[in-house]
Amino acid sequence: MPMPEKGTDWESLKREMQERGAHDVKWRDGKTAVYVFNAGPDVERVQKEAYTLFMSENGLGPMAFPSLKKMEDEVVAMGLSLLHAPDGAVGNITSGGTDSITMAMKTARDFARKEKGVTGTPNVVLPYSAHPAFDKAAKMMEIEIRRVPVGADLLADVEAMGKAADERTIMIVGSAPCFPYGLIDPIEKLGALAQARELWLHVDACVGGYIAPFVRMNGGDVPPFDFEVPGVSSMSADLHKYGYCAKGASTVLFRSEALRAYMIFDTDSWPGGRMVTPTLAGTRPGGAIAAAWAVMNFLGVEGYRAKHKQVTDAREKIEAGVKALGFRILGKPQLGLIAYTHDEIDCMAVWGKLFERGWFTSLTTQPKGLHLMLSPFHLQVADTYLADLAWAVEQVKAGASGAKREARYS
Ligand SMILES: Cc1ncc(COP(=O)(O)O)c(C=O)c1O
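According to my numbering, the sequence shown is numbered sequentially starting from 13.
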């Protein structure tokens, strides 16, 4: 499609965009439990206004935009303090979880090459449940990925991971929590393995980093999963997930500046002068940094605790409801993700029936199950979900088949 010769007025374009959006999932109604975090209109307003205030500014230029540098430093400092980082720990804002993971892997690889003399093809050992972002980064950097089956409890099998690691292992990984089951891997045991074998342990807290600390404050049974565990070298924690910040914002965090030093890119090998960037991006959207800073300060600890309480209340309510319908919860989820399977009926068909009623949620494949990533707003629609789920189960029992979901694009 060629670019139109003449421009179109904004009002018409806006109308067309709104019409196009009308065919998207109705996430504001609470019927979407993947891709979007619905913390309510108050947070959405702060995200939007803060984003637009700094939308044209560029985090690539801290001398030009000291405001953004200060906001990034403060966001990172808040993240580090929530995640029990020791004095001297550091981090940066990236564009998202995949970006944070990629940068942590690059850093661990360069560290291993320089500090441990690792040569040849490096490898990363991770549980089967870890996010594909690690595979994506590995493909770009020619790193071998060694996925190790999870145990019967669906958690990382630390012993098996130890066996899979060798002298070319640049990183071992634990998730807090993993996406498919919403479960926190045994990070303390992984930390002990990392220390005993001098391995770099990365905790992928993309989902959990900005909810788990508050669930713990609310009295939730959250095991140590962050820098509190001595063997943890780096973490990824997404602001645009349970930090309820605008999309395009995550944090990548390191135990020390000595580790982070291997992430920084610094060159003067071109005629444009010296260029130093902490992360993969050149231009860094000021809006995402500003919105993260604003949302964190808007909510504060009290606000996050209240929003996350709604998430865990919704999860508990849904847990009880799905169990009553004969589903089996996978593991013991503590945060906002939950997955459940059914021994007698086809969960994929149930998913299809729910889709017909306007629900857009996720799936697990091993075992086949239904998956929800819950937001505060879901507390208001948990009863409707359970009623629709009961209907969908009856439909499937009666032989109905629903829409099919082929693949995830996330
Ligand atoms: C555990 C985990 N890690 C990493 C990611 C990747 O994050 P992003 O989609 O922001 O790149 C996700 C995304 O859902 C995730 O669930």
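Just so you know, even glycine gets a beta-carbon here, dropped at the ideal spot from N, CA and C.
Which value, in whole angstroms, describes the spacing of the CA atoms of residue i and residue j?
{"i": "E28", "j": "P16", "result": "15 Å"}
{"i": "G132", "j": "T44", "result": "45 Å"}
{"i": "M393", "j": "A172", "result": "Looking at the sequence provided, one finds Val at residue 393 rather than Met. Near 41 Å, if we compare the C-alpha coordinates of A172 and V393."}
{"i": "K319", "j": "A51", "result": "7 Å"}
{"i": "Y193", "j": "W403", "result": "24 Å"}
{"i": "A96", "j": "V264", "result": "The question names Ala, yet the displayed sequence has His at residue 96. For H96 and V264, the distance between alpha carbons rounds to 14 Å."}
{"i": "K259", "j": "V48", "result": "9 Å"}
{"i": "G221", "j": "D250", "result": "7 Å"}
{"i": "Q378", "j": "V227", "result": "27 Å"}
{"i": "R296", "j": "T289", "result": "10 Å"}
{"i": "L92", "j": "D358", "result": "43 Å"}
{"i": "S246", "j": "W363", "result": "36 Å"}
{"i": "W39", "j": "H252", "result": "16 Å"}
{"i": "R267", "j": "A351", "result": "32 Å"}
{"i": "R125", "j": "L398", "result": "52 Å"}
{"i": "M153", "j": "L80", "result": "30 Å"}
{"i": "I155", "j": "N135", "result": "5 Å"}
{"i": "M360", "j": "G338", "result": "15 Å"}
{"i": "I113", "j": "A120", "result": "10 Å"}
{"i": "E331", "j": "R159", "result": "29 Å"}
{"i": "M75", "j": "L65", "result": "19 Å"}
{"i": "A302", "j": "D355", "result": "47 Å"}
{"i": "G54", "j": "I196", "result": "Before going on, a small fix: residue 54 reads as Asp here, not Gly. For D54 and I196, the distance between alpha carbons rounds to 30 Å."}
Counting along the chain, where does the beta strand (DSSP E) carrying residue i start and finish?
{"i": "R159", "result": "E156 to V160"}
{"i": "N309", "result": "Unbroken run through N309 is the alpha helix (DSSP H), G298 to A336; no beta strand (DSSP E)."}
{"i": "M247", "result": "V244 to D250"}
{"i": "T44", "result": "That residue, T44, is in no beta strand (DSSP E); it is neither H nor E in DSSP."}
{"i": "L375", "result": "S374 to T377"}
{"i": "G262", "result": "This sequence places Ser at residue 262; Gly is not what is there. Taken as a continuous stretch (DSSP letters only), the beta strand (DSSP E) holding S262 covers S262 to F266."}
{"i": "D278", "result": "F277 to T279"}
{"i": "T106", "result": "V102 to T106"}
Using a 10 Å radius around the Cβ and a threshold of 16 neighbouring Cβ atoms, would you call residue i buried or exposed?
{"i": "L25", "result": "exposed"}
{"i": "H35", "result": "exposed"}
{"i": "Q346", "result": "buried"}
{"i": "T181", "result": "buried"}
{"i": "Q59", "result": "buried"}
{"i": "W22", "result": "exposed"}
{"i": "K365", "result": "buried"}
{"i": "S422", "result": "Confidence in S422 is poor, its pLDDT being 43 and thus under 50, which makes the residue's placement unreliable; the coordinate value appears in the next sentence. Exposed: under 16 other Cβ atoms inside 10 Å."}
{"i": "V137", "result": "buried"}
{"i": "R272", "result": "buried"}
{"i": "A145", "result": "buried"}
{"i": "D165", "result": "exposed"}
{"i": "F277", "result": "exposed"}
{"i": "M287", "result": "exposed"}
Counting along the chain, where does the alpha helix (DSSP H) carrying residue i start and finish?
{"i": "Y352", "result": "Unbroken run through Y352 is the beta strand (DSSP E), L349 to T353; no alpha helix (DSSP H)."}
{"i": "L384", "result": "That residue, L384, is in no alpha helix (DSSP H); its beta strand (DSSP E) goes K380 to M385."}
{"i": "F226", "result": "A224 to M229"}
{"i": "V288", "result": "It is not in any alpha helix (DSSP H) - V288 instead sits in the beta strand (DSSP E) that spans M287 to T289."}
{"i": "C359", "result": "C359 to E368"}
{"i": "S112", "result": "G109 to E127"}
{"i": "M173", "result": "V170 to A176"}
{"i": "L65", "result": "P53 to L65"}
{"i": "A204", "result": "I199 to R209"}
{"i": "L167", "result": "That residue, L167, is in no alpha helix (DSSP H); it is neither H nor E in DSSP."}
{"i": "K151", "result": "A145 to M153"}
{"i": "L95", "result": "Per DSSP, L95 belongs to no alpha helix (DSSP H) and is neither H nor E."}
{"i": "A258", "result": "That residue, A258, is in no alpha helix (DSSP H); it is neither H nor E in DSSP."}
{"i": "A273", "result": "Element bounds for A273: n/a, residue is neither H nor E."}
Where does residue i fall in DSSP's three states?
{"i": "T181", "result": "strand"}
{"i": "F237", "result": "coil"}
{"i": "T133", "result": "coil"}
{"i": "V219", "result": "coil"}
{"i": "V408", "result": "helix"}
{"i": "K37", "result": "Note that residue 37 is Val in the sequence shown here, rather than Lys. Residue state, collapsed to three classes: coil."}
{"i": "L80", "result": "helix"}
{"i": "Y397", "result": "helix"}
{"i": "A415", "result": "coil"}
{"i": "S422", "result": "In this prediction, S422 scores a pLDDT of 43, lower than 50, which makes its location untrustworthy; the coordinate-derived value is nonetheless stated afterwards. DSSP places S422 in coil when its eight states are reduced to three."}
{"i": "E17", "result": "coil"}
{"i": "M75", "result": "coil"}
{"i": "Q392", "result": "helix"}
{"i": "W371", "result": "coil"}
{"i": "Q30", "result": "helix"}
Kindly identify the DSSP beta-bridge partner or partners of residue i.
{"i": "I341", "result": "Y352"}
{"i": "H214", "result": "V185 and S246"}
{"i": "P139", "result": "V160"}
{"i": "N70", "result": "P297"}
Give a yes or no on whether the minimum CB-CB distance between residue i and chain D is below 8 Å.
{"i": "L202", "result": "Although the question refers to chain D, the structure presented lacks it and comprises just one protein chain."}
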